[in-house]
Each structure stands twice: as C-alpha cells, then as structure tokens.
Amino acid sequence: MAPPGIEFHHVWKRFHRGELHDSLRDLVPALARRLTGRGPRQDELRAGDFWALKDVSFEVMPGRALGIIGPNGAGKSTVLKILTRILRPNRGSCTVRGRIGALIEVAAGFHPDLTGRENVFLQGAIMGMSAADTLRKFDEIVEFSGISEFIDMPVKRYSSGMNARLGFAIAAHLDPDILIIDEVLAVGDYSFQHRAFGRIRELVRRDIPVIVVSHQLDRIAELCTHAILLSRGEVVREGNAADCIAAYVLNPTLSVVPQANSTDPIVLEGLAFESDAPIRSGDRMRATVRGTVAAGGIPDAIEGLAVTVRSAQTGERLFSSSTRRLGVELPARGSFELAVELQLNVPPGIYGLEVMVWDRQRGGTTGQRLSGYVQVMQGPDFSGPVQMNGTMQVLALDPARRS
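Start counting the sequence shown at 527; every next residue gets the next number (my numbering).
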C-alpha cells in the first residue's frame, strides 16, 4: 500500500500575543535567564504565549480528500501554513510527499508588479516546474481562470476574485502531487466555485491527496471522504464529513474568541445562542454577544458591532447590519451584553452568524470576529430564497350576494 501523501503527527504550535520584548531593557534579562538555565524551556509557554495547535494528528492517503472545519481562530490556517512549510511546529512532525499545489491566501506568492502571465511562470518555477512544462500548461490555466483578457495586466490591478481564479488555476493545473485549498475560493463567483470543486474532484479521482478548508459545509460534505473539526487548536471530532459537520453545526457554543490587540476599542468576549435546537424557517433567533469597550471609548470611525448572516451552503452573505445602523448605542466604556434577534426568513439549511467590530475608515474589521452556526428546519412550506410566512383564507360570501 502506498504511504500517506500527508502525515501530521502530534503537532503543537505556539504563538505569542504581541511583541515578545518591547525594549532592550526587557530583552537583556530574558537572555540572561536563558543562559543561566533559569528561563523557560523552548517548548514551554512564556507569559503571553498560547498554543494555536495542541497535539493535532491526521493523515491523508492518495485519492482521499480531508475537510478541515471549525470556527474562526480554531487553528485551521495554522495547520495549512505548517503543511506548506510557511511555519514550523514546536513539537511533532509534518511530512508531505511530493510537489504541493496550494492556495491558502488570495494573491499569496504573486508578485504585484508582474503580469498574470509572468506570475504563472514564477509560480511554476517555485513549484519546481521547468519553463517548458509550465508553457505546456499555460493555455489550460488561462482558460480555466477565465481572465484571458487581463493575463498581461499587473496582478496588483486584479480584484480578489481574479486573484483567486488565477491562483487556483495555477495550483490545480501544474501537476501537483498534493493539493491544499483554503477558504479563498469563497471570493469567486458561484460558477467558478462550481468548476473549481469539479477540478478538485477530478484530482481526487487521480489519486491526489487533497486538503480543503471551507465554511461552505455542503461542499465539504459533497467532496471530502473524511473531516476533522478543530476548536481552540484541538481536534474535537474526526471521522466522516457528515458527522463532523453535524457536531459543528449543532453545537452553537463551539466558537473561538480571537485574541484582541491592546489598541482595539471593543474587545469581543463571547457569542451564545439562546437555544441549540433547530429553528423553524420564519421564526426568530436570539443570540447574546459579550464584550468590553476600552477606556478610550469608541472612535467615530468604528461602526460599532457588525452582524452578518451567511449561507453555509453557498457562502453568500444574506444580511448585514450594525449597532450604529440600527440606532443602538454601546456603553461609553466597560462591559456589555448585546442581544441580537433576527427573523430567519430563509429556506431550511445551515447558516452562519458572524459578529465583528467594523472600522469604516479602514473598510474592514479590527481583527476580532466571533462566529457560530444555526440549523433552520422546515416551517410553512414555500419555494424561493425568502420565507414570507404567507397565509391564505377562503372568505365566505354573504348568501344574499350569491343570487
């Protein structure tokens, strides 16, 4: 039997919150403690350290596809960066046999000043392909990406979707022995996602080991032969994809609170759903967000807390709003609990609720993001994208009016 294409063996990975030493005054005593043997060992946690991964193990055989799922901050991206040798584990080992085709960040590895054409050959060289081999695949890559008219434009002018298209086309067509794909495919349109997952299935049939990280849980269920569910850096469930997805979706408390920066005006501390039971289509859902407003208050550029609902089936954003847009004022400082109530006028399925601090000036979040999932079951029968809770009634006519 062929050995596993990927082996992840009892891996631990440590990170530090913030800077390790802010000044020479802090650095010199730390070095002295290390030299005299009075400091912590290399594999122990120092002040401010945390384990991003804790004793994570899995393997992927040829012709198998592993799905990695879990809330934001669970350790999924850290796993992928270790697999692609961007990071090294503090403990344990990672073995990947063969040439890796990877897409783990939009435009990762692209040189912004080079054209799409030039970046195709650059990525080919990075993957160990000769120029002649890359040239032989070039037309196929460009056709699959669907951006032929922009292939000679610098990639710094590409949209995130164009970057994802080209990046995936390169990773999946330059004869990889291993394919590793992150959530970046979600930035592409539905037709491209459909073709991309079709290509992934084709590679699996060709005995290529594949790892996919995605919040599109239906894609994980459709594509992956097995899965692992991560939470707080640990594997909390492993097995077939359906069981792992069910464990994830039906446990709305399974969320991770990312570490806040010291400069964040609002620190998110927890997200809890009122009920862990499925909700009928058209009914209302209630959740509570806990957090703290920093002593400096909330700057005008901060929109407050933003809430987004996405379909787990397609990744499509269905709803977004914020405390400021709804006229809700957070306290000037100190702890708070915010009740979020939504009417889930959606078809049956799985939906993700994301809570973040939105900075209008930056056009993005401050970095922290809470997430959880809710299952919506069948309510009054209907078809279409929106549940309108329709009712009908036959009105009896006045007998005098019938004549």
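The C-beta atom is built at its ideal place from N, Cα and C for all residues, glycine as well.
CB of L755 within 8 Å of CB of G596, strictly: Looking up residue 755 in the sequence shown gives position 229. Looking up residue 596 in the sequence shown gives position 70. Yes, Cβ-Cβ distance for L755 and G596 is below 8 Å.
First and last residue of the uninterrupted alpha helix (DSSP H) at F636: Position 110 of the sequence shown, counted from the first residue, corresponds to residue 636. Per DSSP, F636 belongs to no alpha helix (DSSP H) and is neither H nor E.
Chain-order list of residues whose beta-carbon lies under 7 Å from that of L629 (same chain, five-residue window excluded): The sequence position of residue 629 within the sequence shown is 103, counting from 1. Once the five neighbours on either side are set aside, the close Cβ partners of L629 are G693, F694, A697, I707, D708, V710.
Anticipated Cβ contact below 8 Å, V586 with L592, distance rounded: Within the sequence shown, the letter at position 60 stands for residue 586. Within the sequence shown, the letter at position 66 stands for residue 592. Confirmed, about 5 Å.
N598 to D907 span [Cα, whole Å]: Taking the sequence shown and counting its residues from 1, one reaches residue 598 at position 72. Taking the sequence shown and counting its residues from 1, one reaches residue 907 at position 381. When rounded, the distance between both Cα atoms is 33 Å.
Alpha-carbon spacing of S847 relative to L609, whole angstroms: Working through the sequence shown from its first residue, we reach residue 847 at position 321. Working through the sequence shown from its first residue, we reach residue 609 at position 83. Rounded to the nearest angstrom, the two C-alpha atoms are 37 Å apart.
Spatial distance of S717 from S801 (CA atoms): The sequence position of residue 717 within the sequence shown is 191, counting from 1. The sequence position of residue 801 within the sequence shown is 275, counting from 1. If you take the alpha carbons of S717 and S801, they lie about 35 Å apart.
Start and end residues, alpha helix (DSSP H) containing V775: To locate residue 775, count along the sequence shown from 1; it is residue 249. Note, V775: alpha helix (DSSP H), 767-775.
L879 versus W538, A813, P857, residue with shortest Cα-Cα distance: For the purposes of this step, residue 879 is identified with residue 353 of the sequence shown, where counting begins at 1. Selected option, being the one with the closest Cα: A813.
Local conformation of G724 per DSSP, three classes: The residue given as residue 724 occupies position 198 in the sequence shown. Residue state, collapsed to three classes: helix.
Selection from Q894, A722, I652, V582 that minimises the alpha carbon distance to S671: The count along the sequence shown starts at 1 and reaches residue 671 at position 145. It is A722 whose Cα lies nearest to the Cα of S671.
Inter-residue Cα distance where the pair is A690 and L705: Translated into the one-based positions of the sequence shown, residue 690 becomes position 164. Translated into the one-based positions of the sequence shown, residue 705 becomes position 179. Their backbone Cα atoms lie some 15 Å apart in a straight line.
Candidates T818, L923, Q904, R625, of which the one nearest E863 by Cα: Working through the sequence shown from its first residue, we reach residue 863 at position 337. Cα-wise, what sits closest to E863 is T818.
Test item: CB-CB of F534 and F576 under 8 Å: As a first step, residue 534 is located in the sequence shown; it is residue number 8 there, counting from the start. As a first step, residue 576 is located in the sequence shown; it is residue number 50 there, counting from the start. No.
Counted within 10 angstroms of its Cβ, other Cβ atoms place Q904 as buried (16 or more) or exposed: Numbered from 1 along the sequence shown, position 378 holds the residue referred to as residue 904. When all chains shown are included, Q904 counts as exposed.
Per-residue DSSP class, three states only, for Q719: As a first step, residue 719 must be located in the sequence shown, where it is residue number 193. Three-state DSSP puts Q719 in a helix.
Under the three-state DSSP convention, the category L870 falls into: In the sequence shown, counting from the first residue as 1, residue 870 sits at position 344. Of the three classes helix, strand and coil, the one that applies to L870 here is coil, per DSSP.
Same chain, Cβ closer than 8 Å to R836, five either side skipped, listed in chain order: Within the sequence shown, residue 836 is the residue found at index 310, counting from 1. Correct list, in chain order: H741, E842, R843, L844, Y877, G878, E880.
Bounding residues of the alpha helix (DSSP H) (the contiguous stretch that carries L648): Counting from 1 along the sequence shown, the entry for residue 648 is found at position 122. Run containing L648: 642-652, per the alpha helix (DSSP H) assignment.
Reduced DSSP category for L797 - H, G, I as helix; E, B as strand; rest coil: Here the question's residue 797 lines up with position 271 in the sequence shown. If DSSP states are grouped into helix, strand and coil, L797 belongs with the strands.
Endpoints, the alpha helix (DSSP H) within which K607 is located: What you label residue 607 is simply residue 81 of the sequence shown in a count that begins at 1. Residues 602-609.
Through-space distance from F664 to S674, alpha-carbon basis: For the purposes of this step, residue 674 is identified with residue 148 of the sequence shown, where counting begins at 1. For the purposes of this step, residue 664 is identified with residue 138 of the sequence shown, where counting begins at 1. One C-alpha to the other measures close to 11 Å.
Beta-carbon contacts of K682 that lie in its chain and below 8 Å, excluding the five residues immediately before and after: For the purposes of this step, residue 682 is taken as residue 156 along the sequence shown, with counting starting at 1. Here the set comprises P638, D639.
Span of the beta strand (DSSP E) around M587: Locating residue 587 in the sequence shown gives position 61, counting from the first residue. Premise fails: M587 is in no beta strand (DSSP E) and is neither H nor E.
Status (buried if at least 16 other CB within 10 Å, exposed otherwise) for V761: Within the sequence shown, numbered from 1, the residue matching residue 761 stands at position 235. V761 is buried by the Cβ-count criterion.
Close Cβ partners of T621 (< 6 Å) along its chain, the five nearest in sequence each way excluded: In the sequence shown, the residue the question calls residue 621 occupies position 95. Around T621: E533.
N915 classed as buried or exposed, judged by whether at least 16 other C-beta atoms fall within 10 angstroms: As a working note, residue 915 is residue 389 in the sequence shown. Counting Cβ neighbours within 10 Å, N915 comes out exposed, since fewer than 16 surround it.
For E880: DSSP bridge partner residues: Here residue 880 refers to the residue found at position 354 when the sequence shown is read from its first residue. Answer is T834, S897.
Proximity below 8 Å, CB of M882 to CB of A832: Mapped onto the sequence shown, residue 882 falls at position 356. Mapped onto the sequence shown, residue 832 falls at position 306. Yes.
DSSP three-state assignment for R623, whether helix, strand or coil: Residue numbering aside, residue 623 sits at position 97 when the sequence shown is read from its first letter. Reduced to three states, the DSSP call for R623 is coil.
Exposure label - Q869; buried when at least 16 CB within 10 Å: The count along the sequence shown starts at 1 and reaches residue 869 at position 343. Flag for Q869 reads exposed.
Straight-line Cα distance separating A821 from E666: As a working note, residue 666 is residue 140 in the sequence shown. As a working note, residue 821 is residue 295 in the sequence shown. Their backbone Cα atoms lie some 56 Å apart in a straight line.
According to DSSP, residues forming a beta bridge with T818: As a position in the sequence shown, residue 818 is number 292, starting the count at 1. V793, S861.
Contact check, S583 vs H536, beta carbons under 8 Å: As a first step, residue 583 must be located in the sequence shown, where it is residue number 57. As a first step, residue 536 must be located in the sequence shown, where it is residue number 10. In contact: S583 and H536 (Cβ atoms closer than 8 Å).
Spatially closest choice to R851 from C770, E795, D809, R886, by CA coordinates: Mapped onto the sequence shown, residue 851 falls at position 325. When each option's Cα is compared against that of R851, the closest is R886.
Simplified DSSP assignment, three categories, for R551: For this step, residue 551 is matched to residue 25 along the sequence shown. Note on R551: pLDDT 49, under 50, position unreliable in the model; the coordinate value appears next. R551 falls in the helix class under three-state DSSP.
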